[in-house]
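Taking it in order: structure first as structure tokens, then the write-up.
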Amino acid sequence: MADGRLQTLDRGLAALWILARHPRGLKIAELADALGVHRAIAYRIVATLADHGMTFRLPDNRIILGSGAIALAVHAEGNVRVLGRPIVERLAAQTGATAFLSMAQGSDCVALLSAEPPGQRLSIHYRVGSRSPLDKGAPGLALLAGRPERSDDPEAVKVARRQGYCVTRNELQDGAVGAASPIRMPRAGYPGLELSIGVVALSALDLDRAEAAIRSAAAALSDQLARGAGEAGEAARGPTASGIDPRQG
1 MADGRLQTLD RGLAALWILA RHPRGLKIAE LADALGVHRA IAYRIVATLA DHGMTFRLPD
61 NRIILGSGAI ALAVHAEGNV RVLGRPIVER LAAQTGATAF LSMAQGSDCV ALLSAEPPGQ
121 RLSIHYRVGS RSPLDKGAPG LALLAGRPER SDDPEAVKVA RRQGYCVTRN ELQDGAVGAA
181 SPIRMPRAGY PGLELSIGVV ALSALDLDRA EAAIRSAAAA LSDQLARGAG EAGEAARGPT
241 ASGIDPRQG
């Protein structure tokens with residue numbers, strides 16, 4: 001390729017991104033169409049990725065992400081936890097509410113981190129690993145709001161996308177008020193990862209104060225993730241390849 005990228009690697013990485021957006025899998029022909037290449041080329045790309053555990057062929061010949069890609073995602077998730085913990089803890093202290101960091105996984109929203117406010121005698125316990133539907137509750141709606149617009153988006157998602165922030169009441173727990181914002185993810189370093197950050201409290205939540213704190217936390221974590229991805233890219237390139245975009249190999 002004229003700009004210095006490796007075309008085969010570029011296509012392989014593009015294939016992984018496409019498969020990440022299709023958790024049910026794609027047939028070779030469908031993947032070839034999405035990549036804009038001949039089926040034979042798509043087949044060779046998939047075969048190479050499969051050799052490294054990055055793809056897996058289902059009995060019906062659909063291709064899905066393999067265990068190797070999942071292992072990379074686990075490492076990325078671990079980095080997110082390390083970077084996100086102090087931000088989530090600070091958010092809890094600033095708002096006096098339980099703060100959380102959530103990720104999209106299929107049709108669910110999964111809690112990655114949570115922190116209860118210091119000095120509070122009564123607060124909501126948000127269990128790490130707990131799941132809720134993406135279309136119910138502030139964490140999930142914020143995740144949907146962070147995605148490209150769709151014609152069938154619920155009104156709550158449209159509002160959250162316009163505002164960059166959403167508030168829900170009594171959706172995941174009676175008496176609870178939740179507020180969350182999507183996190184703008186860097187273009188490199190965290191393929192397929194979608195995050196939202198917010199707080200949840202039992203009715204008494206200063207929404208103006210919470211909104212400002214949540215927006216600040218979302219921006220701070222986005223910045224930390226971008227810096228982490230940039231440092232990883234610099235290390236991967238080495239001192240003699242500083243002019244190459246780390247996303248393009």
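Here UniProt numbering is used: the first residue of the sequence shown is 1, the next is one more, and so on. No residue lacks a Cβ here, since even glycine has one placed at the ideal position from N, Cα and C.
query: Exposure label - Gly119; buried when at least 16 CB within 10 Å; result: exposed
query: Close Cβ partners of Ala241 (< 7 Å) along its chain, the five nearest in sequence each way excluded; result: Note that Ala241 has pLDDT 30, beneath the 50 cutoff, so the model's placement of it is unreliable and the number below is only indicative. The answer is none, since no qualifying residue turns up.
query: Own chain residues within Cβ distance below 6 Å of Glu171, not counting five before or after; result: Lys136 and Gly137
query: Assigned exposure category for Gly238 - 16 Cβ within 10 Å defines buried; result: Any reading at Gly238 needs caution, since the residue's pLDDT is 38, under 50, leaving its predicted position unreliable; the model's value is listed next. With fewer than 16 Cβ atoms within 10 Å of its Cβ, Gly238 is classed as exposed.
query: Helix, strand or coil at Ala160 according to DSSP, with G and I counted as helix; result: helix
query: CB of Met103 within 9 Å of CB of Val128, strictly; result: no
query: For Gly146, the nearest candidate out of Leu193, Ala20 and Gly78 (CA to CA); result: Leu193
query: Of the listed residues Ala93, Ser130, Leu141 and Gln105, nearest to Leu113 (C-alpha basis); result: Ser130
query: Member of Asp10, Arg184, Met185 and Leu141 whose CA lies at the smallest distance from the CA of Gly178; result: Leu141
query: CB of Leu101 within 9 Å of CB of Ser196, strictly; result: yes
query: C-alpha distance - Arg24 paired with Pro59, whole-angstrom precision; result: 12 Å
query: Nearest candidate by alpha-carbon position, reference Ala29, set Arg62, Trp17 and His22; result: Arg62
query: Three-state secondary structure (DSSP) of Asp10; result: helix
query: Alpha carbon of Tyr165 to alpha carbon of Leu16, nearest angstrom; result: 30 Å
query: Residue(s) in a DSSP beta bridge with Pro117; result: Note: Pro117 sits in no beta bridge, so no partner.
query: Supposed contact pair Gly68 and Gly53 - C-beta distance, whole angstroms, cut 8 Å; result: 3 Å
query: Exposure of Arg161, with buried meaning 16 or more beta-carbon neighbours within 10 Å; result: buried
query: Residue burial classification, Glu211 (beta-carbon count within 10 angstroms, cutoff 16); result: buried
query: Closest Cα partner of Asp206 within the set Gly66, His38, Thr95 and Gln105; result: Thr95
query: Beta-carbon proximity list for Ala99, same chain, < 6 Å, skipping 5 on both sides; result: Val88, Leu91, Ala92, Ala115 and Val199
query: Ser203 beta carbon less than 9 Å from that of Gly175; result: yes
query: Burial state of Val167 (16 or more Cβ within 10 Å); result: buried
query: Per DSSP, the bridge partner or partners of Gly198; result: Phe100 and Ala180
query: Residue environment, Gly12, which counts as buried when at least 16 other CB atoms sit within 10 Å; result: buried
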